[in-house]
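What follows is a set of notes on a single structure, which appears directly below.
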């Protein structure tokens, strides 16, 4: 079920009403049933896949507490491998067999990849990682194994964050299913405001930008350098608003039900370095990779060469997590390279800027850093968004070619859409720069009539300027 | 990702730590501002939230009504052309129906000037025969019966609609059965546009038509670019066709779908029921495109089969004198303004002779009664 659908507009109030009217001991059951309904709205039978991973890790969690020594480690490996196997079969089988066949063909062996078409279950990567974090935490002794199967299943399947995160840690979420949540006015209104902001990002910004981006990146050779550049910048905003919009809706919906989910984004495009960007972008995934891959590999407490390798491995795997395509791997590695180069050139850059009196912290230096980080991020997004490496190379090499200001529109995105799009981006920036702090305080202190008019106007603005093509959230596919 | 990495950045003077503080403060501010209401009992809280959404719903309902009223009021552009049809203001002697090729090719002003009969163009861009039949039916429902219907044929006449193009155009008139019923067969979810406020304008429509409606309510009409339903395209030939040829090196196919054949048959029967003579015209198409349409013979065979069965003449302009001159086209299917002027002139002259001959070729079925009616309705 999509958040931006009429079905969800009916589903969510019903679930909320049933949840708060149900006795405390049944509430978690209500959430589990609701989560099953939510997930089955996509492809019903795929819930069985989820059930398999849930069963594996539920049993593994309990067993991990009972065994000691080597068997404990073996059990963890079995659990991780079997959970990842499900992900591999559904997400990576075709990719790896196809890549193997390509390499084999290059070597002169004629191998045809198996012609298997598997539809990827929505959000499989997310709940796989959430399951994995549970068993790893139990293994490390930082989380007690959950005995109540209903609670554990609800932890993996909790519908607000089931298909696109935030990827929760068991320490943050599991105990909340046992707490009694009261229906509190301020909690409901805060959740609704967060959801409204998420819908604004998704419907008004991301989905309108998608019209342009899809046209240009669908057939990049039909567009000039100006259009390719515009589409690339638009994609940077699209993917941010799409994904952080989803996170806002998820966090807001959970908040209405009384749950606190972890934050996933902190205005990443205001970052002054790529490393800062990765501390502010998809934070639940970044910390997952940091805790469960980068640090176990040795992190930065190893030699310089090994540290570089650790970074590149982590980012390559992170890229692969996003999709079974070499473009995602390249995107991940490119980000890793940014970090390595950034680290290696830090002293040199400080000296260079020092010559011009642009020391760390000066306004001009900050602006340069902000701009550079955004440009580097956009360059990486080209690889991420392009259909294949050839398209990405074409976009790279034609960004500055044949700029024609008379040819800015595309087939689906007419010139008259630009003012709305630019205005939407400005509202987004305004909301992020001052809105988060000032607007709720100012509007919240108004009396009920003007306050409600302000809120209703915002809701209607989202409704009226939104784009409602059946576009899934980008991150559903991961 | 670096364990030891410090937050080395500032965002316009706001450090990440400060950002976190601000976010904390946001929560505090939010809670403080709502603290006056936080003592609400759960029941009161629910009532208050429900009332808020009732308010939003009521405003949406009112806006929907305002947009409907505004769009119905428009007298210019595409909307004006359609409103005149639905409000019974046309009552022309000759009407032209069809797709964008009809809307952009036939200038009723030329036809009127040459033949002396009033004319109106019902062409609907982006439509297939099923919607064109519904539009003609709606016209006949609201206006005096014409003396002749000219239906423009396309290579894709026998392809059914997959979706409703420009759906917001029809939203103000969804209570009209003759529009709602055929359109809901194409889009079974059309009831949402009819019953859910704003759905038809914001969910189904991508063109922000609601802004046109609200502006019209304030007296601001769109620019006039439809003249008696005809829209001249002031465009020049682009490289689109070259791209099209590259992407379709083996030509293109337009299937003959039974459902679409039945739609054209329905249009014929509607005219027959109302005793209105019908004329099929295949207006000019760029010559190279004709060669690219693989199943063109099958499509024309079907046109002729229907024409023969119901005694409808077919005027085929496939070999029009300018069919390979790109200065008369802006793409393979559409004439530009210059092409439309030339074609309308040619067509009107031929039509004048045809009308003067008393529909000789249009079968015994209809001719006799029509000649008399035409004589009485000269402008």
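Chains as they are written, first to last, in the numbering used here: chain A, 1 to 478; chain B, 479 to 857. Heads up, the beta-carbon is just placed ideally off N, CA and C, and yes, glycines get one too.
To the nearest angstrom, how far is the alpha carbon of residue i from that of residue j?
| i | j | result |
| --- | --- | --- |
| residue 20 of chain A | residue 524 of chain B | 11 Å |
| residue 626 of chain B | residue 780 of chain B | 22 Å |
| residue 365 of chain A | residue 380 of chain A | 23 Å |
| residue 622 of chain B | residue 736 of chain B | 31 Å |
| residue 420 of chain A | residue 27 of chain A | 43 Å |
| residue 289 of chain A | residue 254 of chain A | 24 Å |
| residue 319 of chain A | residue 703 of chain B | 51 Å |
| residue 48 of chain A | residue 37 of chain A | 13 Å |
| residue 337 of chain A | residue 344 of chain A | 10 Å |
| residue 447 of chain A | residue 127 of chain A | 43 Å |
| residue 500 of chain B | residue 142 of chain A | Confidence is the limiting factor: at residue 500 of chain B the pLDDT is only 35, short of 50, which leaves the residue's position unreliable and the question unanswerable from this model. |
| residue 228 of chain A | residue 424 of chain A | 21 Å |
| residue 147 of chain A | residue 131 of chain A | 15 Å |
| residue 377 of chain A | residue 422 of chain A | 20 Å |
| residue 774 of chain B | residue 561 of chain B | 36 Å |
| residue 675 of chain B | residue 521 of chain B | 28 Å |
| residue 813 of chain B | residue 578 of chain B | 10 Å |
| residue 505 of chain B | residue 442 of chain A | For residue 505 of chain B, the predicted structure reports a pLDDT of 43, less than 50, and the residue's modelled location is therefore unreliable. A value from the coordinates is still provided. If you take the alpha carbons of residue 505 of chain B and residue 442 of chain A, they lie about 13 Å apart. |
| residue 384 of chain A | residue 600 of chain B | 46 Å |
| residue 636 of chain B | residue 770 of chain B | 17 Å |
| residue 168 of chain A | residue 89 of chain A | 24 Å |
| residue 548 of chain B | residue 11 of chain A | 34 Å |
What three-state label does DSSP hand residue i in the structure shown?
| i | result |
| --- | --- |
| residue 807 of chain B | strand |
| residue 760 of chain B | strand |
| residue 326 of chain A | helix |
| residue 718 of chain B | helix |
| residue 813 of chain B | strand |
| residue 705 of chain B | strand |
| residue 347 of chain A | helix |
| residue 23 of chain A | coil |
| residue 712 of chain B | coil |
| residue 553 of chain B | coil |
| residue 388 of chain A | coil |
| residue 799 of chain B | coil |
| residue 365 of chain A | helix |
| residue 165 of chain A | coil |
| residue 62 of chain A | helix |
| residue 408 of chain A | coil |
| residue 109 of chain A | coil |
| residue 636 of chain B | coil |
Identify the contact partners of residue i in chain A, using a Cβ-Cβ distance below 8 Å as the criterion.
| i | result |
| --- | --- |
| residue 568 of chain B | Within chain A, no residue comes near residue 568 of chain B; the closest Cβ sits about 29 Å away, beyond 8 Å. |
| residue 530 of chain B | 452, 455, 456 |
| residue 688 of chain B | 464 |
| residue 523 of chain B | 183, 184, 185, 188 |
List the DSSP bridge partners of residue i.
| i | result |
| --- | --- |
| residue 730 of chain B | B:771 |
| residue 630 of chain B | B:759 |
| residue 575 of chain B | B:629 |
| residue 597 of chain B | B:572 |
| residue 794 of chain B | B:760 |
Determine whether the beta carbon atoms of residue i and residue j lie at a separation below 8 Å.
| i | j | result |
| --- | --- | --- |
| residue 777 of chain B | residue 580 of chain B | no |
| residue 677 of chain B | residue 687 of chain B | no |
| residue 610 of chain B | residue 738 of chain B | no |
| residue 593 of chain B | residue 820 of chain B | no |
| residue 459 of chain A | residue 196 of chain A | yes |
| residue 648 of chain B | residue 657 of chain B | yes |
| residue 205 of chain A | residue 235 of chain A | no |
| residue 767 of chain B | residue 816 of chain B | no |
| residue 553 of chain B | residue 699 of chain B | yes |
| residue 252 of chain A | residue 194 of chain A | yes |
| residue 200 of chain A | residue 467 of chain A | no |
| residue 823 of chain B | residue 796 of chain B | no |
Chain A partners of residue i, CB-CB under 9 Å?
| i | result |
| --- | --- |
| residue 520 of chain B | 20, 182, 183, 184, 185 |
| residue 701 of chain B | Ordered by position in chain A, no residue passes the 9 Å Cβ test against residue 701 of chain B, which lies about 12 Å from the chain. |
Which residues in chain A have a C-beta closer than 7 Å to the C-beta of residue i? List them in chain order.
| i | result |
| --- | --- |
| residue 680 of chain B | 463, 464, 466, 468 |
| residue 527 of chain B | 188 |
Residues of chain B with a CB under 8 Å from the CB of residue i: which are they?
| i | result |
| --- | --- |
| residue 222 of chain A | 721 |
Residues of chain B with CB under 9 Å from residue i, in chain order?
| i | result |
| --- | --- |
| residue 460 of chain A | 534, 537, 538, 541, 676 |
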